Structures are given as structure tokens and as C-alpha cells.
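Protein chains in written order, with my numbering: chain A, 5 to 559; chain B, 5 to 225; chain C, 238 to 510. Ideal placement from N, C-alpha and C gives every residue a C-beta, glycine not left out. Note that the coordinates shown come from a computational prediction; the quantities given were computed from them, not determined experimentally.
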Amino acid sequence: METKEVLVVGGGPEGVRAALEKAQAGVRVTLVERFPALGAARIPRDRIVAPDACFVNPELEEARVHPNIRILAYSEIQKVRRENGKIQTRILKRSLRVDNDKCTDCKACIQVCPVNMLDDFDEGLGFRTAVDYFNPQTAEFNIFKEDMPVCQQACPVHLDIRGYVGRIADGRHLESLALIRERLPIPGSIGRICPHPCESACNRQYLDAPISICFLKRFVADVEIAREITPAYKTASQKFPEKIAIIGAGPAGLTCAHDLARLGYENITIYESLPVPGGYLWVGIPEYRLPKKLLQREVDLICEMGIEIRYNTRIGEDISFEELQKSNDAVFIGAGCHRGLKLRIPGEDDFEGVVDCVTFLREQALGTRKSGTGKLIVIGGGNAAIDSARVGWRMGFDEVYLVYRRTRREMPANSWEVDAAEHEGVVLQYLAAPVEILGKNGAVSGVKCIQMKLGKPDASGRRRPIPVKGSEYVIDAQTVVPAISQTANLEFLGKSTEFRLTRWNTFEVDPDTGATNIEGVFAGGDVVSGPDIAIRAVAGGKRGAAGIHTYLRSR
Amino acid sequence: MCTGRLDPAIVAKAFKKGLDGLLVVGCYFGDCHYISGNYQAQAKIEMTRRLFEHIGVNPQRLAFKQCSSGEAAVFVEIVNTFDATIRELGPLGGDGDAVRNPALSEKLATAEAVLAGEKMRWVIGKKTPFTTSGNMYGEIFTEHEFNRAIDMIIVEETEVQEILGQLRQKALSVAELAGSLAIPPARIFRYVTALKRKGFVALEGISGRSPKYKLISQEVS
Amino acid sequence: MVYEKQGRYIIPFDDVPADRAPMPEISVDERRNNFVEIETGFPEETAIREAKRCLSCRRCLGCALCWAECKPEAIDFSLPDETLELAFDEVVLTCGQDNAFCDPDPELGFGRYADVLTDLQFERMLSPTGPTDGLALSPLDGRIPAHVAIVQDGRSAEDPGLPASLILGVNMAQLCSAQTRDVKVTLISPLSDEFKARYESQIRQITGLTLIEGTPLSVGRENDSDPLNVAYTSRSDEKVTIAADLVVILTRPDTAAYLRDLARQLDTAPPAF
Ligand SMILES: Cc1cc2nc3c(=O)[nH]c(=O)nc-3n(C[C@H](O)[C@H](O)[C@H](O)COP(=O)(O)OP(=O)(O)OC[C@H]3O[C@@H](n4cnc5c(N)ncnc54)[C@H](O)[C@@H]3O)c2cc1C
Ligand code: SF4
């Protein structure tokens, strides 16, 4: 029989003990530790001991030399998967960049290193330098070379933020824009609407406030327009003939098409059910946040690479999914989440004047719903709800109410959006939940709401709202826009139902390639993640493009 | 002498001895007999100016200008302008500078130590490779990033050299160091701990509740 | 807690603090009944000023000064990372060296005062290989504290994690008195009857350590030069305040996020303490 292989994660005293126990039983052990060396001996927590019995742990040394134990320090488990009774792993072993067999521990390097950093081994009490030892007992030196700064790490597409912001500081705006475009084909749009996870991570917040990373991106995109420059997106000189179909011209689909065209693919067609590109960037996010003209310009730049967008073509109606699959070498699905969720309360389907936010915003964006009168009630607390309310306010509704069942604190919408809505005169009603839509002669006349109070936190960590008995009241209204959430509409798949889906009705895909379980079909964006943010859809598109390229080239 | 040979530590020393201004005039970029001497000179002067600004010397007291040997009129213009600037600033450590005499001369002694240190010399010399072909990992710095790296060394080395300067005279506690330097004791504590780790200082003894630290003499290699 | 990965060490640059540039907007009056873009964009000068605020975070500069200084030529920047594909029959998840802990009660002043430490930090301080060679020192001023208060964070007497946390506290108190001259230590925590029955008499014998049964409320100071005030509710439900020169919080361990992720992918329970 083969010797059993065991993976022990964590090089603290606990992990060392587990590894030793297994190793002594004759099992082969791999001990993986994230930090550059095994941990320190500690103070016991299970018994009161004399001072000289603290910080002794002979097991550490034993584990270091045990023939059955392989220690992988400075290593990260990147992927684990159960397969045929085995656990398959991918482990990244980082380089120490110091050959510790040659090192004589003379400390000459740490005396000259110009970079001081907080020392993890000493729990941030002291300093170490970029080249230094981690655990003084093992005295193994390593160079701390991070892959990227924290802002870039937080960015879903890992934009070189330090690089592009630095170029702006140097006054090299167009070079900055070119650097952004290396990874993001729609900088002007994203630079306007991104909720910027990078800024939430930025180190400068600990000194005063984070860098305005997002708006700086917008700035360089605007510089190009102001200087009336029309750039040409480059494509590789080596061309590939395979036919690729992309469903949906949202940020995921557009980015996927762009990346593939850049790699040299010449037969890319995007099928879009709407008459306009951009997905929610066009029909969700309102014009006052992202001008359509600007979005159109960025889409045009992508199309100039030789990509065709077939508008008004709905897969599943105008062309069946099977047909698309058959006539293409690869398919990317970036169909988004375009079905508004129902409130599931009485009266919702009975009266004229109840429109879900997806439809409401889309009709406004496409020009089929121009104005409104009377009172508008928007129900929900996300960005889509705020957008609907602010759009309603601009359309001329006399009064706009936003009803949310928790408080301002729990609202998922970006705080600056909520501020702006309030500023513009939207009335925000917290701790209120609709229980019935009321109507007269077939038209909405109002919403019956119930007052809520906050109870214990639920699984998401937010406090769960509980209705207060007997507190019902009525707000009259002529239009009601539920903006609870959206889900994917996968009817277009028709008969091909062998797709593996999650319980949220989204595609299950390979985390590395975006491949679905059906060969040659890839997916990305909201249709995989559920309603999310545009830059993560862009990341999904990029992953899909890379996946398709690998797939087609290895076929 | 090629301007590239200029030693910033000597510049600081000259100011410490009472110099009011220094104008370095080199040849134009592209004309350098040693290819990149004038670039190096520019980088060195630029970084020394940043350091001067940090310690409270008006950076206008230091300038790098270019002209060729045939341009007498240009040269005269450069010199006259600089002369006027310095006249306006007045003597070093007076109204023209953020820090006054005699505190300024101690600051300049620190500046000299910073500029003479290996870190500063080495990293300044890396400006051209870092911003064109890249560092050891092939990563290219923007000008801004390079300046940040230099600023980091300026800020930290100034503080460290001030601490070492005090310890050179006698063993001191964190509180005593904080008493004579304008650095918060919590930072001094961190630096002292770091200097101990690096083998520059050691615990001398404890007086009352205050550990005192002494300098370890370094063998000169 | 992972300090290093939080970002680069924060340096008091000369340009700190500097205001973040505000985005110019059109007024509310200009917005009614139209869809004109609200935000008008940074002027160039603003953008450059904002961009210059960036700290250009980078740890190793790649300057190779260490390489130049290393006589045995042990430093090699080109040593590559390795990716290993390995298969196992079994996986054991343990808490590694992240030492993640639940955020202490903000009232206890961690992060606000340099002389409020976590138990993990104090443990390192007491270690012979630690940053102070085992001396208990206040990071605020580098002095030896006359009085150290060790306070329990967010546990009730019934908390199953309480004994381990208290024993760590007791061991730290003993070490502290043994290694640093003239330090008094007070340990403030709720106590269970079981714990008292088992350990109380043993603890009361330790010289220099005072055990107080109570619930810590807050830690703070009025003036920068004052000692810390540690307030707690005593067993008789009275509010008591004592002064301390160093406060150590007994934290509640947490499972690091990456371990939770791993456990989820493996469909097993995350490691707990
Ligand atoms: C009101 C609102 C406001 C938002 N605000 C922000 C914001 O401020 N910042 C931010 O980052 N994100 C925001 N988002 C989210 C963001 O817009 C989405 O996450 C992003 O657009 C998702 O991109 P996607 O490419 O996956 O899908 P989508 O953008 O939804 O695009 C999918 C496209 O596929 C098309 N399609 C669907 N089915 C078919 C079919 N069968 N055949 C052909 N075409 C099809 C659709 O018409 C659509 O054009 C907002 C979303 C909404 C709804
Ligand atoms: S300061 Fe912020 S934006 Fe600049 S590199 Fe650091 S984390 Fe990134």
C-alpha cells in the first residue's frame, strides 16, 4: 500500500504538534505555513507554569528535522478540490530570495536596508527591514517582496494603480491612460461609476484619507477627450480564425470581446437583445452619472478592433442557444441579471403603475418613459433603488419616497449616493416594509407599510428587521417601483439544461478560467456572481477571454 | 570636474560651515563627456533640496542649472539670478529659512550624516535605472514613486541619525532622547528597538524605570 | 494579526495630512428635470495634486544594496516562486501564525493608545527573542511600567474560552515579574466558580499579582502625560477605577479569513480554538 499523504495547514504550535503526531505514525506530512518560517515557542495556555517553562517547545526543532515532514514555509494554498477520494491542491511556494545555506547571519543586509516595516513576528511591536529574518530562532532570512500594493490587490482586475497615479503626478496623463487600458478597456465609464474597492484598501486612509483613485482614472480618460485624441486599440499581429459568440454587450461581454480581439481573434460577434450597448451601464446607471455619449465612445473604440455587435438580437428567441453553440467554436455568456425580483405581497400584479426598477430604468434610458407625475414610491435600499428614486425625481414626479426596511446604517447603497438622493429631495423612510399594494379602478393608489424594528444580527451580520404589530399605515402613490434585487434570466438556454447552476440561479464556473461544465461555453459577470459591480464583471470578462484562449489553443 | 562627481554630504557640510547658497552649473543633457554625469548631478541636487526642505533649510539655496562653455551670456544670467535669490533670502538660518540658527547647524550635521550614509548614496544613484530600465525585479518607477522612496529615507534617516547623534555623546533613555529631539517618544522607542535588532545600539543598563541605550562601535570596513 | 500585509509601514511624510480633493458638482437646482452629468471632473491642477498624495506603496525597493553588502553572496533576487501541484489523502487545518483575534471592545482603547497592547503583543515582549529582550516596557515612552493591568475582553464567566485566556494572563504576569524589576500586575476578569475552585488559591500565592474578579469597562487617559485609567465593575456591581502604566487585553482568538475559505472549499469545519 502507498504511504498516506497528509497536508497540515498552519505552522503554529498546534500544526507542528499535528504534523509530528502524524509523522510518528508513519504518515508522510506536508506542513504548509503562510509566513516565512515556523512559529515561535509560546507561553502555555493550559496550565500555570514557572517562568522558565515558558517559550520552550522542543517539538519545533523535532518537526524541522523529521524525515517524514516536509515543511513548505512562505507558502499559500491557492486551490483545493476533492477529486476521486483525493484532495488535489495547488500550492504557491514563495521565494525567500536568500540562500540561507550561504547566509552567515552577519546582519550586514539589515543594517543597510532602507525599508522599515512592521514586524509580524513581533505582532507589529517592532520593525523589520525588507530583507530580514522572520523568526529569530531559525534566523532564516527572506526578502519581503509583495506582489502588488494593497490598492492593486483590492482591484478586481488588478489595475496598476501605483503606476497610473504616479504617471499623473509626473504629468504624463496619456501614458497613465495607456497603462490603465492594458487591463481595462472602459476607463472613462468605470472612472465615473466604480464603488472603488481600491480606495477602501488604500494605505493613505490611515494617515488622512484614501487617494481619489477612481476619479483620477476618470481624469485621464477625460484628458484624452479634451485633447480630441482618438486612440486605436491594438490587436496582435498573429491572427486566429476561430468563431466566438458573446451573449450580452455589458461590461463582461465587451471586455471579453476586447481581450480576445487583442489576442488576435478576428471572428467575434456580440449578440445583444437591446438596441444599445453597455448592459446596465446604459440601461441601469442613469445618464447623470454616466453620459451615454461617453459610454458609446468607449464601445466604439472596442468595436473598431473588428468586433461586431448585433443589436436587437435575443438569444433564445431570434437565435437559439444550440444554434449559437453549433456555429461557434466558443461561447461566452455575459447576460447579466435582468429580472427584477418580486415583492411577493398582495396587489403587486393587479394594478397599473407597479414597475420593477429594471424596467423603469431601462425604459427611461431608452426614451420610452419620459416623465411622471404624482407620487413615486421606490422600495429597497440598494444602489438600484437610489438610482430609481433620483431618476424619478428628475422625471418630474411631484414627490419621491424611498422605503427601506432597515436603517441608514444597514443600507447596501453607497453612502455618497444616499447623501445625494437626500440632498436632491428624495424622502427616505427607514424601518418600513410594504405589506400590500393598494389600488382603485385598476390603478395603483398607494402602499400599505408596516413599521419595523431591528432585532438580532442575521447570517450576513446585518440586524434583522422585525415587524411591529399593529403599526400599519398607508402612503398614497401613483407609481410604485420595487427595487429589491435582480436575478439572472436563463430562459434563453431553452432545452440545454445540463448546465450546472448554483442555488442562486447563476452559472457555476471554474474559478481559473470561467468555463462552465459544458465544453466550449464560458460565463462571467453578473450571470455568474449575481448582481454585483461593473469592475467585477470586467474581471469576469477578462477571465473568460483568457479561458477561451487557452481552450482554443489547446484544442 | 564633472558635476556628477558632486558629493551631497560635502554640500551639507559646506552649508554647516556657513555657506548661504550653492549653484551647480553643468553641461546640457546629451553633452556629458561621461554620458550621464549631469543626470546624476541633477538627481543629487534634487534629492538634497528635498532633504533641505525637510530639515528646514530653504531649498532655493541650492540649484542645478545648465549651460555650455560657449554661452557666456547665459552663464552670467544664471549666476545673476541665483545671486539675487540668495540676497533676498539673506544669511543662512535667518528669515529665509524655516529653522533658525543655531538649531539649523545641528540639523545640517544630521543632514550631512544622512547624505553620507550608504542608503541615501546608493538609492540616489539608482534614479536613472529605476525610472528607465527598472529595479532588480525589472519594475520601472515613476518619478513620483522614486521621490517617495527618497522621501521615506529622508524622513526616517533624519530621525535615526538624530538619535544616533545623541547616543554618540552618551548612553540615553527613550525619554531623554525625546527630551532633546522633536520626535515623539513612541517613535523613538520603535527606532531604538530597530537599531538594537540591527546591532547598532545595545542596552547599557536600567536607571530607575528607564532602560538606557548605548551605541555599539562599528568596525570600519 | 497580520501587520506586515496590511500595507507598508506608515511614515510621517512632510505632506501629511493633506486634504483629499473634492469632486466638483453642479448644484441641485441645475439638476431638476434634466439628466446632465452631476460631477464635472478634476481640473488638471487638482488631479496632479491628488495624485501626488499617493504613497507609492512598495516594500522591497529592489535597490540591491543588501546584495552589494552581502559578502557570502547569499542574496539572489532571481530565485523564483514555485507552484506545486500536490495530492493528499487527508487535510488537517490548524490556526497558523496569523493569530487572528476578534476586535477588542473599542472602549478598551486598543489602537488608540500606544500603551494598550494585546496579549499576543505582550507575549512577544516577554519572549527572550522578542523586541525588548523580555523586558516589559511601555511602547509609549520606553519606560518600565510600575503597574500593568491585564484585562479580559468580552468574555463572561461561563465562556468556555475563559480558562485558557486567564491562564495565559497568569503566566504572563509571572514572567513579567520575574524578568522586570518592581512591576505590579493586576488581572481583571470575570471568574467562574469552577475556575476559582481549581486555581484561585494557587494564583493568590503568586507575589506581585493581584487577581480581581470584575468586568473591564473602559481604558483611557485624560492628559497625554497621565497614566491610563482602567475602569471595571466589581463583583458587587460597583464601578472601580485604577491607574495603570501599561494595559494588556486578553483577546478572543478568531479564525483567519483564508482558513475559513479553505474550510469552505473542503466542506469541513474551520479550525477553532
Ligand atoms: C440601477 C443599477 C445601478 C448600478 N450602479 C452601479 C454602479 O454605480 N457601479 C457599479 O460598478 N456597478 C453598478 N451596477 C452594477 C453593474 O452595472 C453590473 O454589475 C454590471 O453591469 C454587470 O455587467 P454584466 O456584463 O455582467 O451584465 P450587464 O451589464 O447586465 O449586461 C448584460 C447584457 O446582456 C444582455 N442580454 C441578456 N440576455 C440576453 C440574451 N438572451 N440575448 C442577448 N443579450 C442578452 C442584456 O441586454 C445586457 O445588455 C448597477 C446596476 C444597476 C441595475
Ligand atoms: S497610497 Fe493608496 S493608491 Fe497609492 S500605492 Fe498606496 S495603497 Fe495604492
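Distance cut-off 6 Å: residue i Cβ against heavy atoms of ligand 1
{"i": "A/E276", "result": "yes"}
{"i": "A/I190", "result": "no"}
{"i": "A/I537", "result": "yes"}
{"i": "A/A549", "result": "no"}
{"i": "A/F496", "result": "yes"}
{"i": "A/G288", "result": "yes"}
{"i": "A/N387", "result": "yes"}
{"i": "A/G252", "result": "yes"}
For residue j and residue i, the rounded distance between their alpha carbons
{"i": "A/S277", "j": "A/R343", "result": "14 Å"}
{"i": "A/T133", "j": "A/C113", "result": "9 Å"}
{"i": "A/T510", "j": "A/K499", "result": "17 Å"}
{"i": "B/M156", "j": "A/I75", "result": "36 Å"}
{"i": "B/N139", "j": "A/D103", "result": "20 Å"}
{"i": "B/L207", "j": "B/S177", "result": "9 Å"}
{"i": "A/S331", "j": "A/R540", "result": "29 Å"}
{"i": "B/K20", "j": "B/F56", "result": "12 Å"}
{"i": "B/R201", "j": "B/L219", "result": "13 Å"}
{"i": "A/R366", "j": "A/G282", "result": "12 Å"}
{"i": "A/Q92", "j": "A/Q82", "result": "11 Å"}
{"i": "C/V273", "j": "C/M260", "result": "16 Å"}
{"i": "B/R172", "j": "C/F279", "result": "51 Å"}
{"i": "A/H553", "j": "C/Q502", "result": "27 Å"}
{"i": "A/T506", "j": "A/L178", "result": "43 Å"}
{"i": "B/N84", "j": "A/P40", "result": "59 Å"}
{"i": "B/Y234", "j": "A/V10", "result": "Outside the shown range of chain B, which is 5 to 225, sits residue 234 of chain B, and nothing can be said about it."}
{"i": "A/R1", "j": "A/A538", "result": "Absent from the model: residue 1 of chain A. The displayed extent of chain A is 5 to 559, so no value can be given."}
{"i": "A/R222", "j": "A/G192", "result": "5 Å"}
{"i": "A/R85", "j": "C/V265", "result": "54 Å"}
{"i": "B/M5", "j": "C/F250", "result": "35 Å"}
{"i": "A/T7", "j": "A/G310", "result": "56 Å"}
{"i": "A/D391", "j": "A/G288", "result": "8 Å"}
Supposed contact pair residue j and residue i - C-beta distance, whole angstroms, cut 8 Å
{"i": "C/R392", "j": "C/P427", "result": "7 Å"}
{"i": "A/P118", "j": "C/C300", "result": "7 Å"}
{"i": "A/E414", "j": "A/P350", "result": "Not really, about 26 Å apart at Cβ, beyond 8 Å."}
{"i": "B/I154", "j": "B/V196", "result": "Not really, about 24 Å apart at Cβ, beyond 8 Å."}
{"i": "C/N408", "j": "A/P62", "result": "Actually they do not touch by this definition, with Cβ atoms about 18 Å apart."}
Contact test: residue i Cβ vs ligand 2 heavy atom, cutoff 6 Å
{"i": "A/R208", "result": "yes"}
{"i": "A/R32", "result": "no"}
{"i": "A/C218", "result": "no"}
{"i": "A/R187", "result": "no"}
{"i": "C/L292", "result": "yes"}
Check: Taking one C-beta from the region 329-349 of chain A and one from the region 540-558 of chain A each time, how about it: are there three or more such pairs within less than 8 Å?
Finding: Taking 8 Å as the limit for Cβ pairs, the verdict is that the region 540-558 of chain A does touch the region 329-349 of chain A.
Next item on the list: Run through the region 466-505 of chain C for me and flag every whole alpha helix (DSSP H) of 4 or more residues, listed as ranges in chain order.
Entry: DSSP runs (the alpha helix (DSSP H)) wholly in the region 466-505 of chain C: 494-503.
Notebook entry, point to check: For the region 311-320 of chain C against the region 186-199 of chain A, are there 3 or more C-beta pairs whose distance is under 8 Å?
Noted result: Contact fails: fewer than three Cβ-Cβ distances are below 8 Å.
Margin query: I'd like to know if the region 409-416 of chain A and the region 365-385 of chain A are in contact, where contact means that at least 3 CB-CB pairs between them fall below 8 Å.
Written below: With a cut-off of 8 Å on Cβ pairs, the region 409-416 of chain A is in contact with the region 365-385 of chain A, counting three or more such pairs.
Check: Is the region 157-166 of chain B in contact with the region 108-121 of chain B, if contact means three or more CB pairs nearer than 8 Å?
Finding: Contact holds: three or more Cβ-Cβ distances are below 8 Å.
Item checked: Stretch pair the region 399-408 of chain C + the region 477-488 of chain C: three plus CB contacts closer than 8 Å -> Judged by Cβ distances under 8 Å, the region 399-408 of chain C makes contact with the region 477-488 of chain C, as three or more pairs qualify.
Check: Mind pulling the beta strand (DSSP E) runs of 3 or more residues that sit fully within the region 143-209 of chain A?
Finding: Runs found: 145-147.
Next item on the list: Pair every Cβ in the region 478-494 of chain A with every Cβ in the region 357-366 of chain A, then say whether three or more of these pairs are closer than 8 Å.
Entry: Yes, the region 478-494 of chain A is in contact with the region 357-366 of chain A.
Check: Counting only runs that start and end within the region 321-379 of chain C, where is the alpha helix (DSSP H) found for 4 or more residues in a row?
Finding: Correct list: 356-363.
Note to self: Can you confirm whether the region 49-59 of chain A touches the region 84-98 of chain A when touching is taken to mean that 3 or more C-beta pairs between the two stretches lie within less than 8 Å?
What the structure shows: Taking a cut-off of 8 Å for Cβ pairs, the region 84-98 of chain A and the region 49-59 of chain A do not touch, as fewer than three such pairs fall below it.
Note to self: To test your reading of the DSSP string, which unbroken alpha helix (DSSP H) runs of 4 or more residues are found completely within the region 55-91 of chain B?
What the structure shows: Within the region 55-91 of chain B, no complete alpha helix (DSSP H) run reaches 4 residues.
Notebook entry, point to check: Of all the alpha helix (DSSP H) runs that stay within the bounds of the region 330-378 of chain A, which reach a length of 4 or more residues?
Noted result: For the region 330-378 of chain A, the full-length alpha helix (DSSP H) segments reaching 4 residues or more read 361-370 along the chain.
Check: Does the region 54-68 of chain B come close enough to the region 93-111 of chain B that 3 or more CB-CB pairs lie under 8 Å?
Finding: Between the region 93-111 of chain B and the region 54-68 of chain B, the count of Cβ pairs shorter than 8 Å is three or higher; the stretches touch.
Next item on the list: For the region 300-309 of chain A and the region 393-408 of chain A, state whether three or more C-beta atom pairs, one from each stretch, are separated by less than 8 Å.
Entry: They do not touch, by the three-pair rule.
Check: Quick one: complete alpha helix (DSSP H) runs, 4+ long, within the region 70-158 of chain A?
Finding: Positions of the alpha helix (DSSP H) runs, each at least 4 residues long and wholly inside the region 70-158 of chain A, are given as 112-116 and 154-158 in order along the chain.
Next item on the list: Report yes or no: do the region 64-75 of chain B and the region 85-94 of chain B share at least 3 C-beta pairs separated by less than 8 Å?
Entry: The region 64-75 of chain B is in contact with the region 85-94 of chain B.
Check: At a cut of 8 Å, does the region 512-527 of chain A reach the region 224-237 of chain A through at least three beta carbon pairs?
Finding: Segment contact: the region 512-527 of chain A against the region 224-237 of chain A, fewer than three CB-CB distances shorter than 8 Å; contact not assigned.
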